[in-house]
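Okay, so here's the structure we're looking at.
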Amino acid sequence: MSIPAPRTASVRRATSESTIELELNLDGTGQSSIDTSVPFFDHMLTAFAKHSLTDLTVRATGDTDIDAHHTVEDTAIVLGQAIREALGDKSGISRYGDALVPLDEALAQAVVDISGRPYLVHTGEPAGFEFHLIGGHFTGSLVRHTFEALAFAAGLTVHVRVLGGRDPHHIAEAEYKAFARAFRQAKALDPLVQGIPSTKGAL
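The sequence shown begins at 26 in our numbering and counts up one residue at a time.
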């Protein structure tokens with residue numbers, strides 16, 4: 026029985042607004058080393074790595090003196106690009122993942138399809154969540170923006186919905202962890218899958 030090649034990628038992206046260097050291994054154990062200069066986003070990416078069993082290294086710098094937006098968005102784009110590259114032709118993957126994750130009073134669900142068709146449906150965050158400043162650097166609106174940029178760069182169909190919650194930190198973290206768990210299922214290699222899991226023969 027042949028051993029599958031490691032699903033890894035290394036991507037660098039530099040613009041006038043940010044510089045991102047990222048490495049990942051989809052078949053890792055959840056080890057991470059994250060420094061984006063946005064502490065709450067570091068926390069969320071660390072949670073993503075841990076709960077998706079993806080080894081992840083990120084070094085990012087940007088114009089955070091203006092806003093965290095550019096650095097967060099560009100990091101999410103690069104993460105998506107690396108995921109797409111590491112997945113290769115997607116042969117043998119489970120393709121679909123679904124997770125329901127609580128964090129104290131917050132509850133979030135994520136469904137992921139490694140479809141090759143970028144799409145995001147994101148619902149349920151309480152009114153005003155997008156304006157809340159979490160950790161002093163990260164606005165609530167960046168949660169949706171992360172998923173949007175990542176889904177489009179990686180070619181994923183993603184549905185995320187918040188089913189309950191009061192504390193913005195808990196709501197955001199439940200969303201990221203739900204996405205991580207759903208992605209973990211979707212990217213997993215399934216020994217029962219022969220070839221690419223699509224009637225089209227391509228994803």
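Every residue, glycine too, gets a C-beta built ideally from N, C-alpha and C.
Just so it is clear, the structure is predicted and the values come from calculations on it, not from any experiment.
Look at histidine 157 here: in three-state DSSP terms it is coil, with no helix or strand label.
Inter-residue distance for glycine 161 and serine 116 is about 42 Å (C-alpha atoms, whole angstroms).
For leucine 81, there is no enclosing alpha helix (DSSP H); the residue is part of the beta strand (DSSP E) that begins and ends at 80-87.
For leucine 128, the CB contacts under 6 Å within the same chain, skipping 5 residues up- and downstream, are His195, Glu198 and Ala199 in chain order. Here glutamate 98 is buried: its Cβ has 16 or more other Cβ atoms, across all protein chains shown, within 10 Å. The criterion of a C-beta distance shorter than 8 Å is satisfied by alanine 85 and serine 62. Glycine 87 and alanine 211 have their C-alpha atoms some 31 Å from each other. Here glycine 220 is exposed. Its C-beta has fewer than 16 other C-beta atoms within 10 Å.
Under the DSSP assignment, isoleucine 59 falls outside any alpha helix (DSSP H), being part of the beta strand (DSSP E) whose first and last residues are 57-60. In the DSSP assignment, glutamate 200 falls within the alpha helix (DSSP H) that extends over 193-212. Contact between the stretch 119-138 and the stretch 37-45 is absent: fewer than three C-beta pairs spanning the two stretches fall below 8 Å. Per DSSP, reduced to three states, the secondary structure at isoleucine 91 is coil, with no helix or strand assignment. With respect to leucine 104, serine 140 sits apart: the two C-beta atoms are not nearer than 8 Å. Under the three-state reduction of DSSP, glycine 117 is assigned to coil, being neither helix nor strand. Aspartate 138 has its alpha-carbon roughly 10 Å from the corresponding atom of leucine 228. For histidine 76, the enclosing alpha helix (DSSP H) starts and ends at 64-77. Judged by DSSP secondary structure, alanine 39 falls within the beta strand (DSSP E) whose first and last residues are 33-39. Excluding five sequence positions before and after glutamate 173, the CB atoms of its chain that fall closer than 7 Å to its own CB belong to Leu145, given in chain order. Comparing alpha carbon positions, the residue from Ala176, Leu167, Gln134 and Thr164 closest to proline 143 is Ala176. Per DSSP, the unbroken beta strand (DSSP E) holding arginine 186 starts and ends at 182-189. If you draw a straight line from the Cα of threonine 82 to the Cα of aspartate 215, it comes to about 26 Å. Within the model, the alpha-carbon separation for arginine 37 versus glycine 55 is close to 21 Å.
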